[in-house]
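Protein chains in written order, with our numbering: chain A, 1 to 100; chain B, 1001 to 1130; chain C, 2001 to 2119.
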Amino acid sequence: MTTLHILNSSPANTAQLKSCLRVLSVGDGIVLTGEAVQALRAGSAAVQKLSACEHAYRLYALQEDVQARAIDTAEMPVTLLDYPAFVALCVEYARVNSWT
Amino acid sequence: MKFVINVLSASTAPSTRRALRFAQALLASGHEIVRVFFYQDGVLTASNNIVVAQDQQDIAQQWQAFITEHQLDAVVCIAAALRRGVLDQAEAQRYQRDAVNLAEGYQLSGLGQLHDGLQQADRLISFGGE
Amino acid sequence: MAQSVLLISRQAPWAGIAAAEALDIALAAGAFDLPLSMLFMDDGVFQLLAQQQPQILEQKDLSANLQALPMFGIEQLYVAQQCLSERGLADSSLAIEAERLDDLQIQQLIRQFDHVITL
């Protein structure tokens, strides 16, 4: 029974990403929204944290937040979501844990 | 599926706009919203006293329009609302305050309504912080 | 069967009112006899420390609410051991009885619940 974690704050400014990665179970998903998409910037400490996480999890990001911030995710193992896809994901996972 | 949506941020927060766009997509996808529960700073989104500049999105007004159009059960936590200055007619009278600023379509009630919603729902999603 | 809720509290007691408003959710669940468990992690662990003096800050003492939790039927209280250690609190006495969990145990805990609220 997997959990979809929704993040929304800056990985450099807050502990949100770090804490989420610690309580992540195998098969869980992470959706980066708002400032949390900064974690996708190549060469950042946050993107290293994401790849270093030993669990097998699936990574998603809200497309509008990635595009607005001109972040290049071409080389990233991340699936970009529009809102309908975001909804579908919430149905697919057993529970949604929004970090604030 | 049946969803409860928790809105925990004011209308100025990006998360409140995301909550609305999510809610709209939810209904468009054929799912049901059991309740939208406004808690913490989310109660400020239910104020009818917000003035937004012409060139900006009025998210509070859009939330109200969405709730009204789809006749959603929009509950604002009364304790959280009082301490942030969002009052309906009854509370303004009870506490002798000048302004009645709970927007049309919203109801003040207790946290029991959140729990009642969670007992009916398949999924809870919260939007808050930023 | 009632749906279960895990409430995760991550804020320090007087950093704002998030800690108090999280506790209110727990107490409300208890009042309605609903299954809710609470996990204190990140700065939320500060809520559990004994011998703090909120009155000096003219703040509400949350320990009364914390101690009321079991009386309201909210008995499953957990605290993140790693978060205590990182804050120099590994050996500190806690104001209420909370089971210390490591990260793996927290992962397992989350999977047991129908809904999760993180404040």
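Virtual Cβ for every residue (Gly too), placed ideally from N, Cα, C.
At a cut-off of 3 residues, the continuous stretches assigned as beta strand (DSSP E) that sit fully inside the region 1031–1106 of chain B are 1032–1038 and 1074–1077.
A distance below 9 Å separates the beta carbons of B:V1086 and B:A1046. Close to chain A, meaning a Cβ-Cβ distance shorter than 8 Å, is no residue of the region 2016–2040 of chain C at all. Annotation: C:A2068 has no Cβ neighbours in chain B at a cutoff of 7 Å; minimum Cβ distance is about 15 Å. In this structure, the alpha-carbon of C:N2065 lies about 18 Å from that of C:D2043. Interface residue (Cβ-Cβ distance to chain A less than 9 Å): C:D2042 is classified as such.
Taken through DSSP and simplified to helix, strand or coil, A:S19 comes out as helix. Here the C-alpha atom of B:Q1054 lies approximately 39 Å from the C-alpha atom of C:A2012. Following the DSSP letters along the chain, one finds B:V1007 in no alpha helix (DSSP H) but inside the beta strand (DSSP E) bounded by residues K1002 to V1007. In this chain, the beta strand (DSSP E) harbouring A:G29 covers G29 to L32.
Look at A:Y83 here: in three-state DSSP terms it is helix.
Per DSSP, A:L59 is not a residue of any alpha helix (DSSP H); the beta strand (DSSP E) it occupies stretches across R58 to L62. Annotation: A:V26 is outside any beta strand (DSSP E) and is labelled neither H nor E by DSSP. When Cβ-Cβ separations below 9 Å define contact, B:G1129 makes contact with chain A.
For C:M2038, the enclosing beta strand (DSSP E) begins and ends at L2036 to F2040. Residue pairing by DSSP leaves C:L2048 without any beta bridge partner. A:L7: member of the beta strand (DSSP E) spanning T3 to L7, first to last residue. Flagged as an interface residue toward chain B: C:Q2003, by a C-beta distance shorter than 9 Å.
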